[in-house]
Structures are given as C-alpha cells and as structure tokens.
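Visitor: For the sequence shown, the numbering used here gives the first residue as -12, with consecutive numbering after it.
Every residue gets a Cβ at the ideal spot worked out from N, C-alpha and C, and that includes glycine.
A quick note: this is a predicted structure, and the numbers were derived from the prediction, not measured.
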Amino acid sequence: VQLQASGGGLVQPGGSLRLSCAASGSVSTSAIMGWFRQAPGDQRELVASIRAGGSTTYADSVKGRFTVSRDYRKKTVDLTMNSLKPEDTAVYYCNYNSVRGNHWGQGTLVTVSS
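1) Give the secondary structure of residue 58 by DSSP, where H, G and I count as helix, E and B as strand, and everything else as coil.
2) Taking the C-alpha atoms as reference points, what is the distance between residue 38 and residue 61?
3) Which residues bound the beta strand (DSSP E) around residue 52?
4) Scan the segment -12 to 76 and note each continuous beta strand (DSSP E) run of 3 residues or more that stays entirely inside, going in chain order.
5) DSSP beta-bridge partners for residue 85?
6) With 16 other CB atoms within 10 Å as the buried threshold, where does residue 36 fall?
7) Once the 5 residues before and after residue 25 are set aside, which same chain residues still bring their CB inside 6 Å of it?
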C-alpha cells in the first residue's frame, strides 16, 4: 500500500486546512486509516483515525475542531482542521493499518502562525 498526502501549508491561528491522503495498491476496506503528527522534539502522536463502518477516534486536543472522513470508493482519508492553533504546528502523516501491515505517507507540514 502506498499513501500520498497533500494539503499542508501555512495558516493563521483560527484558520482552517484540509489534508487529504490517497491510498493505492492492495487497499482493504477493513483497514484503519488516519492521521498522526509529529512536532519538533516530540513523539509522533495520533490525531484522528477512522475504522471500517465509520467509527472515529480523536486526540483530546483536537476534539471539536478536527474531523476525519473517508471515501472508500476513492480510497482516500481526509482531515479537516478548523480553529487551528499554533500548537497544531507539526508534520502530519497519513497512516494505513491492517492485519497485513502498517504503512505511512510521506508527511505534510502544517504551520500555524501569524
């Protein structure tokens, strides 16, 4: 499975961004897909994930601001980020996790700054 992420960039505090990740290869609808992030000096952390059937998990720090969604036909997973804060600044990584393995996208930088 290959993952291609896009949509990062520079945004002011309070602004919005939408990240998108397209999966290709032997993509299973039963896989969990989601987004992690890693800020400088920090460990990579889960931001949001979505399971087959649509159940979602969010980090406490993004609940109510971020929304993860998935299009099974297009094999994409998106992360809509609203009310962005400077502490959301990080490299965001798309993730695909199935019984056959765990895969990462290349990372896309999100910078929240005025």
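Guide: Here's the rundown:
1) Counted from its first residue, the sequence shown places residue 58 at position 71. DSSP places residue 58 within a strand segment (E or B) once states are collapsed to three.
2) Counting from 1 along the sequence shown, the entry for residue 38 is found at position 51. Counting from 1 along the sequence shown, the entry for residue 61 is found at position 74. The straight-line gap from Cα to Cα measures roughly 16 Å.
3) Here the question's residue 52 lines up with position 65 in the sequence shown. Looking at the DSSP string, residue 52 is not in any beta strand (DSSP E), and its letter there is neither H nor E.
4) -11 to -7, -4 to -2, 4 to 11, 19 to 25, 32 to 37, 43 to 45, 53 to 58 and 63 to 68, all fully within the segment -12 to 76.
5) As a first step, residue 85 must be located in the sequence shown, where it is residue number 98. Answer is 88, bridged to residue 85.
6) Position 49 of the sequence shown, counting from 1, holds the residue named residue 36. Classification of residue 36: buried, given that the 10 Å Cβ count is 16 or more.
7) One-based indexing of the sequence shown puts residue 25 at position 38. Excluding residues up to 5 positions away in sequence, 31, 77 and 78 lie with their Cβ nearer than 6 Å to the Cβ of residue 25 in the same chain.
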